[in-house]
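Structure, as structure tokens:
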Amino acid sequence: MFRTARSKVQTWITAGAGTIAALFVAGLMGAFGALPAHTPPLLPLDTATDAGRWRIRPVRAYVSHARTYGVLLKPGQKALVLEADMTNRTARSDKAYFDVFKPDGLALADPMPMIALTRDGTLTPELHPGMTERMAYVWPLAGEAAVPANLSFGVTAEIFKPRDNLYGTPGWFNPYRLGTITLPVADVPAPGTGP
Amino acid sequence: MRIRILGNLVILASTVALSYGMQVSKPHYADLTAPIPVDGAMHDTVRARSFDVRLDKVVFARQLKTNQFGQEKSLTTSGLWAVVSTNLTATAASTTIADGTWQGPTGLRYRQTERLGYRQDMPPHGVDPGLEKRGLFVFEIPSDQIRGASLLISARQFGPLDAQARISLDGLPTGADGQPADVLPQYDLDAPQAQPPQGKS
Chain P
1 MFRTARSKVQ TWITAGAGTI AALFVAGLMG AFGALPAHTP PLLPLDTATD
51 AGRWRIRPVR AYVSHARTYG VLLKPGQKAL VLEADMTNRT ARSDKAYFDV
101 FKPDGLALAD PMPMIALTRD GTLTPELHPG MTERMAYVWP LAGEAAVPAN
151 LSFGVTAEIF KPRDNLYGTP GWFNPYRLGT ITLPVADVPA PGTGP
Chain R
1 MRIRILGNLV ILASTVALSY GMQVSKPHYA DLTAPIPVDG AMHDTVRARS
51 FDVRLDKVVF ARQLKTNQFG QEKSLTTSGL WAVVSTNLTA TAASTTIADG
101 TWQGPTGLRY RQTERLGYRQ DMPPHGVDPG LEKRGLFVFE IPSDQIRGAS
151 LLISARQFGP LDAQARISLD GLPTGADGQP ADVLPQYDLD APQAQPPQGK
201 S
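From first to last, the protein sequence lines are chains P and R. Taking the numbering used here, the leading residue of the first sequence gets 1, the next gets one more, and so forth. Taking the numbering used here, the leading residue of the second sequence gets 1, the next gets one more, and so forth.
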């Protein structure tokens with residue numbers, strides 16, 4: 001019984017060795033990088049989406065020419081504002097939401113937005129588990145920068161690892177592009193203090 | 001011959017099973033270096049390594065009134081505000097108590113709010129041995145996280161192997177649905193507090 005099984009395995013290995021070696025060498029040389037990349041999907045706007053440690057629901061986007069939720073602008077600047085409902089899906093209070101949204105195709109002076117709680121303009125407060133809050137992402141732009149009428153934002157999520165590779169502690173790692181949201185961008189004129 | 005092969009296979013399988021069991025039952029590094037809890041109840045003095053803490057009162061409110069840079073502000077929340085008054089003392093040397101966490105019944109951890117900015121009676125609390133000090137910890141919590149909750153107080157946010165006071169909040173009056181019995185529409189953080197008399201002056 002063992003003898004026939006062994007000969008069968010030997011036959012399989014002999015016959016498959018060339019294929020395995022070819023795949024291995026091709027992988028090493030990066031041949032699979034030429035495969036068509038999987039395009040991130042378009043995320044829905046009317047329902048909340050789970051993006052790693054956040055559940056997000058974008059509400060609206062606009063260009064503001066005045067102080068928005070306590071974020072001051074330099075003279076001659078305007079600001080791209082994205083408002084979104086954010087819910088912390090994790091088990092502890094957290095504020096790692098800086099990289100969740102990023103506008104595509106805009107030259108940003110500083111890719112790191114100012115993020116304010118729309119309730120009272122608190123800058124970058126921690127969000128607590130299961131408590132949905134509306135947050136405003138504010139990117140200052142040069143005054144003459146052109147903003148398209150429909151702007152897409154990339155959404156970045158992370159994966160949860162119960163044990164990381166260094167300390168064996170749980171955490172969120174490996175950010176990847178979950179998808180894209182596309183929102184119409186209104187233009188809010190200067191008078192008043194923003195909507 | 002057959003017996004020896006089988007015996008080797010059994011030894012191999014049991015070794016694999018034993019190693020796998022040891023691997024999956026290995027404690028997390030985070031658990032090995034976690035803070036060491038010191039349990040206590042409400043109104044008891046809990047003695048942590050570098051400080052003593054006594055939980056005096058928990059007030060729930062829908063809004064908080066506070067003074068920020070001379071401006072009166074009313075802070076709202078999607079849940080409830082929980083204002084926890086504690087009495088703090090250092091044990092041996094002056095120290096600070098910086099971290100308060102509301103741990104819900106299922107283990108969700110709500111850290112103290114950062115929306116109040118700097119205040120004298122908010123963390124970090126500087127405490128000295130022998131001098132009692134009233135210290136506030138303010139949390140934003142959903143109302144279903146009150147029954148069975150506990151309060152975690154430690155000197156630092158990441159304090160491996162340091163003591164962490166863990167005060168069970170079982171004594172809070174809640175209704176049948178787990179909602180707190182008494183929720184104030186607004187709580188004024190700057191209202192004068194009724195202080196217990198502390199010696200003669």
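Where a beta carbon is used, it is the ideal one built from N, C-alpha and C, also for glycine.
The beta carbon of residue 77 of chain R lies closer than 6 Å to those of 140 in the same chain, with the five residues before and after it left out. Residue 81 of chain R sits buried, since 16 or more C-beta atoms from the chains shown fall within 10 Å of its C-beta. Here DSSP, grouped into helix, strand and coil, assigns residue 122 of chain P to coil.
Positions of the alpha helix (DSSP H) runs, each at least 4 residues long and wholly inside the region 26 to 97 of chain R, are given as 29 to 32 in order along the chain. Excluding residues up to 5 positions away in sequence, 123, 124, 155, 156 and 157 lie with their Cβ nearer than 7 Å to the Cβ of residue 98 of chain R in the same chain. Against chain P, the CB of residue 13 of chain R has no partner CB under 8 Å away; the residue lies outside that interface.
In this chain, the beta strand (DSSP E) harbouring residue 154 of chain P covers 150 to 161. Residue 8 of chain P sits in a helix when the DSSP states are folded into three classes. No residue range can be given for residue 69 of chain P, since it is assigned to no beta strand (DSSP E) and is classified by DSSP as neither H nor E. Taking the CA atoms as reference points, residue 25 of chain P sits about 11 Å from residue 18 of chain P. The C-beta separation of residue 35 of chain R from residue 89 of chain R comes to about 19 Å, leaving the pair out of contact by the 8 Å criterion.
Counting along the chain, residue 167 of chain P sits inside no beta strand (DSSP E), nor does DSSP assign it H or E at all. Counting along the chain, no alpha helix (DSSP H) covers residue 115 of chain P; the unbroken beta strand (DSSP E) around it starts and ends at 114 to 117. In this structure the region 116 to 124 of chain P does not touch the region 168 to 184 of chain P; the number of beta carbon pairs closer than 8 Å is below three. At a cut-off of 8 Å between C-beta atoms, residue 137 of chain P does not count as an interface residue with respect to chain R. By a beta-carbon distance limit of 8 Å, residue 147 of chain P contacts residue 80 of chain P. Their separation comes to about 6 Å.
For residue 142 of chain R, at least one C-beta of chain P is nearer than 8 Å to its own C-beta. The CB of residue 119 of chain P comes closer than 7 Å to the CB of 76 in chain R, given here in chain order.
One alpha carbon belongs to residue 60 of chain P, the other to residue 91 of chain P, and they sit about 28 Å apart.
In this structure the region 142 to 156 of chain P lies against the region 67 to 79 of chain P, because at least three pairs of beta carbons, one per stretch, are closer than 8 Å.
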